[in-house]
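Engineer:
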Amino acid sequence: DAGITQSPRYKITETGRQVTLMCHQTWSHSYMFWYRQDLGHGLRLIYYSAAADITDKGEVPDGYVVSRSKTENFPLTLESATRSQTSVYFCASSGQGIGSPIYFGEGSWLTVV
Amino acid sequence: TQLLEQSPQFLSIQEGENLTVYCNSSSVFSSLQWYRQEPGEGPVLLVTVVTGGEVKKLKRLTFQFGDARKDSSLHITAAQPGDTGLYLCAGINNAGNMLTFGGGTRLMVKP
Chain A
1195 DAGITQSPRY KITETGRQVT LMCHQTWSHS YMFWYRQDLG HGLRLIYYSA AADITDKGEV
1255 PDGYVVSRSK TENFPLTLES ATRSQTSVYF CASSGQGIGS PIYFGEGSWL TVV
Chain B
413 TQLLEQSPQF LSIQEGENLT VYCNSSSVFS SLQWYRQEPG EGPVLLVTVV TGGEVKKLKR
473 LTFQFGDARK DSSLHITAAQ PGDTGLYLCA GINNAGNMLT FGGGTRLMVK P
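Residue numbers (my numbering), protein chains in the order written: chain A, 1195 to 1307; chain B, 413 to 523.
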């Protein structure tokens, strides 16, 4: 039972490069989310999606792009990585959206040098 | 933006001790969730409290939602090393479209 998986788990990239973090869930959940976790800031929502082809901005969307062509996949792209985007990124999914149980992936550790 | 402040940020105790973690805000939330996160993993939902004044128990963990739905607490009785981790509270706004996380309380329980 894979659940929700993220890749890569660890990535080092250079400033200005494009990076895509992948997220795949096997539950057919409607809702998917991307959070970043930084010391002192807790988890902050970047983007979320209520269904395929529907995405919306969260608290900190600048510098990020998402897409949701298939229900099970929700990739997050950093178009031109900056050092301030060094963080741990968590993908999550939920059957019925915010308020119902949200299941998180194991995280992707991204370092921008 | 609704803010949630957790205290303490760090807590190191001996096995068998009791502890309480607090989650406070000036904003009202429709409900509040508590998560536990272990190193190298994503947060895992422990409980959701919905009604002001609600108390939920999960074995040695007791969760309370404030009467005004602005604050919550997590009390652990007779802490064990397996309770070690990062505890996060998260509030859902009245519109039901935003989940805001607190900064977390990092708990270490020493044997």
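Where a beta carbon is used, it is the ideal one built from N, C-alpha and C, also for glycine.
1. Strictly below 8 Å CB to CB, what residues from chain D border B:I504?
2. By Cβ distance, which residues of its chain are closer than 7 Å to A:P1202, with the 5 residues on each side in sequence left out?
3. Taking 9 Å as the threshold (C-beta atoms), are A:V1254 and A:R1277 in contact?
4. Using alpha carbons as the reference points, say which of A:S1261, A:T1265, A:I1240 and A:A1246 lies closest to A:S1222.
5. Taking the alpha-carbon of B:T460 as reference, which of A:P1295, A:G1299 and A:L1304 has the nearest alpha-carbon?
6. Would you kindly work out how many angstroms separate the C-alpha atoms of A:C1285 and B:G465, rounded to a whole number?
7. List, in order along the chain, the chain A residues whose C-beta lies closer than 9 Å to that of B:L431?
8. Counting contacts by CB-CB distance shorter than 9 Å, is B:G497 in contact with chain A?
9. Nearest by alpha-carbon distance to B:W446: which of B:N506, B:T474, B:L423 and B:S424 is it?
10. Cα separation between B:A490 and A:V1260?
11. In chain B, what lies closer than 8 Å to A:E1300 by C-beta?
12. When the distance is taken between beta carbons, is A:Y1225 closer than 9 Å to A:S1287?
13. Helix, strand or coil for A:R1277 per DSSP?
Structural biologist: Put simply:
1. Absent from the structure: chain D. Protein chains present are A and B.
2. Here the set comprises S1302.
3. Not a contact, by the Cβ cut-off of 9 Å.
4. Nearest C-alpha to A:S1222: A:T1265.
5. Comparing Cα-Cα distances from B:T460 to each of A:P1295, A:G1299 and A:L1304, the minimum goes to A:P1295.
6. Approximately 32 Å, taken between the alpha carbons.
7. Taking a Cβ-Cβ threshold of 9 Å, none of the residues of chain A is close to B:L431; the smallest such distance is about 20 Å.
8. Closer than 9 Å: no.
9. Comparing C-alpha distances from B:W446 to each of B:N506, B:T474, B:L423 and B:S424 shows the shortest one belongs to B:T474.
10. Their Cα atoms are separated by approximately 44 Å.
11. Neighbours of A:E1300 in chain B, taken as residues at a C-beta separation under 8 Å, are given in chain order as G452, E453 and G454.
12. Taking 9 Å as the Cβ cut-off, A:S1287 and A:Y1225 qualify as a contacting pair.
13. Helix at A:R1277.
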